[in-house]
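The block underneath contains the structure these notes are about, expressed in structure tokens.
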Amino acid sequence: MRCDQCNTPIEPGEEKEHLGRILCEDCHMDALSPPKGCDPWAVYTAKSCEARAGGNAALTPLQERILGILKETGGVEPRELHKLLGGEPRLKDLERELAVLRYMEKVRGEKRGDRVVIRSW
Ligand SMILES: [Zn+2]
75 MRCDQCNTPI
85 EPGEEKEHLG
95 RILCEDCHMD
105 ALSPPKGCDP
115 WAVYTAKSCE
125 ARAGGNAALT
135 PLQERILGIL
145 KETGGVEPRE
155 LHKLLGGEPR
165 LKDLERELAV
175 LRYMEKVRGE
185 KRGDRVVIRS
195 W
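Residue numbering for the sequence shown follows the working numbering, starting at 75 and increasing by one per position.
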């Protein structure tokens, strides 16, 4: 038998049921107490929490590009960054990426005069 969540083999008798799914002990604990602060971006939850826990989650290619641009430029406004990325992804999606990166403490906002730029740490 395998965990529905992480696919880890489960010893007979060790399996837990949660909302109709069979989970290993770890996933069952997670399911019962979702980590605080890791909820807003469901898709990124695992990654963000990993980053918090392990410090070195893999970045997506887009996130790598964003960090590369920020390092080259020393910091740009989100709209400028959007332009430098060639207009991809949509600004809304880019903002979400930046939120994730900020959460992972890869980038931060910095006030320069009346502008707020995004820069790498
Ligand atoms: Zn599991």
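All residues carry an ideal CB built from backbone N, CA and C; glycine is no exception.
According to the neighbour-count rule (16 or more other Cβ atoms, all chains shown, within 10 Å of its Cβ), is residue i buried or exposed?
i, result
"Met103", "exposed"
"Gly149", "buried"
"Glu171", "buried"
"Leu168", "buried"
"Leu97", "buried"
Going by the CB atoms, is the gap between residue j and residue i shorter than 9 Å?
i, j, result
"Leu133", "Leu144", "no"
"Arg193", "Arg182", "yes"
"Gln79", "Ala105", "yes"
"Cys77", "Pro86", "no"
"Leu165", "Arg153", "yes"
"Met75", "Glu91", "no"
"Leu159", "Thr147", "no"
Between the options, which lies nearest to residue i when the distance is taken from Cα to Cα?
i, options, result
"Glu179", "Leu136, Gly187, Trp195", "Trp195"
"Gly161", "Thr147, Ile140, Arg176", "Ile140"
"Arg186", "Lys157, Leu159, Glu151", "Glu151"
"Asn81", "Gly94, Asp100, Pro163", "Asp100"
What span of residues does the alpha helix (DSSP H) with residue i cover, start to end?
i, result
"Ile192", "Careful: Ile192 lies outside any alpha helix (DSSP H), inside the beta strand (DSSP E) at 189 to 194."
"Leu144", "135 to 147"
"Leu61", "No answer is possible for residue 61: it lies beyond the span of the chain, which begins at 75 and ends at 195."
What is the C-beta distance between residue i and residue j, in whole angstroms, given that I count them as a contact (C-beta under 8 Å)?
i, j, result
"Glu184", "Val191", "5 Å"
Could you spell out the range, first to last residue, of the beta strand (DSSP E) harbouring residue i?
i, result
"Glu171", "First-last for Glu171: 165 to 177, but that is the alpha helix (DSSP H), not the beta strand (DSSP E)."
"Glu91", "90 to 92"
"Thr183", "In the sequence under discussion, the amino acid at residue 183 is Gly, which differs from the Thr named in the question. 181 to 186 is the extent of the beta strand (DSSP E) around Gly183."
"Leu97", "95 to 97"
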